[in-house]
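Chains as they are written, first to last, in the numbering used here: chain A, 612 to 901; chain B, 82 to 461.
Ideal Cβ positions, reconstructed from N, Cα and C, are used throughout, including at glycine.
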């Protein structure tokens, strides 16, 4: 078993009739993902490239048995879309949308606490399980089936590092982009826990960045794991007080610095790559040690 | 987005928080006229987007209009942490007996707003948090109903403030949270909340930061945008819709995706260079967007060369190459450019750049090393 997403997952795409939603729904289908439904209010009864479109997520779930939602709804309606999916009983919600007002996310998280739904993102590239397909916008051709789990806050950096792993012959079990916002549904520690329990994962590569303390929290957990974790932190040259692209990527005072995160990981016996080019070698060493 | 004290007080007033009347002056003459209008002693306060204005000499009391003119004349044009004071707030002086701290801020760990209350107000709250954490009370806001007045009073009572402040401050704190939520603020603070000699409870200073992502629906506040930082390039970038941060070095950087661009900066530093900026052009950029980004980066006079690093998924190599070639004729003559592109259209893009005599990096490390070397070679 991979984590979160496999061949049996049934995906509903929220916002499937928009430019982004329709483009990426097609790419998801090409990847092998089972896209069973689309959802756009007012477009119920239509079809998007052969995928039936519904007015609400509840209808989509009732008619198609969808259990994973992928959200491409514009920022103003994205938090509402997350709550709609949770209300419909969707177990896994992947929100790609960026630029969502953060208090909307705070409200959505309050709502999610009362629902058994896991949220990935927002402001994330989604996830992929090589061999089963992808949910989101990751370029699927870079992946290779294998036994290394991958989790990152970033999109394009994920693609870079996964490409390096694949080129080095290291395949992946599942890859999760958790998102660059200050409030996200699933954090590093959640993913580490899932990979620790997954019998198809032997090691985990974790790419963090400046801001917040999720990497530090994950480091404390990694110290207790049976499986090896390999770390990387970007933003070592970022000055304090400057938001580096991602809304969550900011060093505030002494909190959230790259140095602090590197030290926390090293303290937990997690080898930290100096540059992304060191990641494949460190991963091979970790796998060899078992 | 940061806003000024007078704007923050304007927002708080709308939510029923008592604040001193005040008017903004941009000249010493104006400050004198406003002081005359108010009568009595006034405080002249520099309106800049940084803390520590008082320590920097940007907040002064004037006893009469003539002195207000003289003090405002000194504060206007003053440099505070790299920002020039262009406006002062003129407001009647308060006879303050005690000062408290009320704040509400987004807390990543709680995934909600958190209220912070302290009886030790008027000073830097982060300093209090560090040195005397027992003097700080925190309360996670239930995002469904904000902070009801009873909870606000409970917090203030626990903080040990006098009962008049529990009563009036409670209403103020509840209103502060409401203002924060309805204004889409990630921080709203009153520091200090003042108890005056004549028994008034009043917000003597206020600070609000509005969530940039909410500006499309907070149109009134969006119109208040002014250069937030000492660097005018960052303000210009915002106006042009570019995600740009000015840094200290001389290697201009253009990339796609925040994590990739941050990693590119680290890689350039590792290759012995100093990045001049962070610029994320986002996904799917066309030639025109690439050209615009390059020309923008080159507006920084410190930039001696530019490294373009793109992981092409939906961004195509031909578009990137086309954009670089288009920008070349408008960039300073002989400015080195190194491009590195992985993925879609890589081969086509590389051929186009080779024809135009431009350098191609095999990967991020190779590209970073090449741009640093080219800048060094040109400097000799």
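| Check | Outcome |
| --- | --- |
| Cβ neighbour criterion (16 or more within 10 Å) applied to residue 232/B | buried |
| As assigned by DSSP and simplified to three states, the class of residue 612/A | With a pLDDT of only 48 at residue 612/A, under the threshold of 50, the placement of this residue in the model should not be trusted, and no figure is reported. |
| Residue burial classification, residue 808/A (beta-carbon count within 10 angstroms, cutoff 16) | exposed |
| 9 angstroms Cβ cutoff, residue 682/A in contact with chain B | no |
| Residue from 824/A, 762/A, 774/A with nearest C-alpha to residue 805/A | 762/A |
| Segment contact, 8 angstroms Cβ cut-off, at least three pairs: the stretch 309 to 327 of chain B with the stretch 102 to 118 of chain B | no |
| Listed by chain order, chain A residues near residue 338/B by CB distance under 7 angstroms | 765, 766, 767, 768 |
| Neighbourhood of residue 842/A by C-beta, 6 angstroms cutoff - its chain only, sequence neighbours within 5 removed | 817, 876, 881, 883 |
| First and last residue of the uninterrupted alpha helix (DSSP H) at residue 891/A | 890 to 900 |
| Buried/exposed call for residue 102/B, threshold 16 Cβ in 10 Å | exposed |
| Contact residues within the stretch 701 to 724 of chain A, judged by C-beta distance below 7 angstroms to chain B | 710, 711, 712, 713, 714, 717, 718, 720, 721 |
| Three-state secondary structure assigned by DSSP to residue 182/B | strand |
| Exposure label - residue 190/B; buried when at least 16 CB within 10 Å | exposed |
| Reduced DSSP category for residue 746/A - H, G, I as helix; E, B as strand; rest coil | strand |
| Cβ shell of residue 612/A (< 8 angstroms), same chain only, five flanking positions each side left out | The pLDDT assigned to residue 612/A is 48, lower than 50, so where the model puts this residue is not dependable, and the model offers no usable value. |
| Residue 261/B in three-state terms, based on DSSP | helix |
| Reduced DSSP category for residue 173/B - H, G, I as helix; E, B as strand; rest coil | strand |
| Under 9 angstroms by beta carbon: chain B residues contacting residue 750/A | 392, 393, 394, 395, 424, 425 |
| Residue from 828/A, 686/A, 685/A, 669/A whose Cα sits closest to the Cα of residue 678/A | 669/A |
| Min CB distance residue 350/B to chain A below 9 angstroms | yes |
| Residue 869/A versus residue 225/B - alpha carbon distance | 35 angstroms |
| Beta-carbon spacing of residue 682/A, residue 705/A below 9 angstroms | yes |
| Reference residue 459/B, options 384/B, 374/B, 108/B, closest by Cα | 384/B |
| Through-space distance from residue 291/B to residue 268/B, alpha-carbon basis | 7 angstroms |
| Host alpha helix (DSSP H) of residue 87/B (start-end) | 86 to 95 |
| Nearest to residue 253/B (by Cα), restricted to the options 440/B, 95/B, 88/B | 95/B |
| Test: residue 641/A CB closer than 9 angstroms to a CB of chain B | no |
| Same chain only: Cβ atoms within 6 angstroms of residue 896/A, ignoring 5 sequence neighbours per side | none |
| Close-in-space but distant-in-sequence residues of the same chain around residue 69/B (CB under 7 angstroms, 5 per side omitted) | Outside the displayed span of chain B (82 to 461) sits residue 69/B, for which this structure offers no information. |
| Sufficient close CB pairs (3 or more, under 8 angstroms) joining the stretch 385 to 399 of chain B to the stretch 335 to 345 of chain B | yes |
| Where residue 262/B meets chain A, residues with beta-carbon distance less than 7 angstroms | 714 |
| CB of residue 650/A within 9 angstroms of CB of residue 666/A, strictly | yes |
| Spatially closest choice to residue 463/B from 281/B, 180/B, 104/B, 131/B, by CA coordinates | With chain B covering only 82 through 461, there is no way to say anything about residue 463/B. |
| Where residue 414/B falls: helix, strand or coil (DSSP) | coil |
| Under 7 angstroms by beta carbon: chain A residues contacting residue 359/B | 855, 856 |
| Meets three-Cβ-pair contact criterion under 8 angstroms: the stretch 845 to 860 of chain A and the stretch 84 to 93 of chain B | no |
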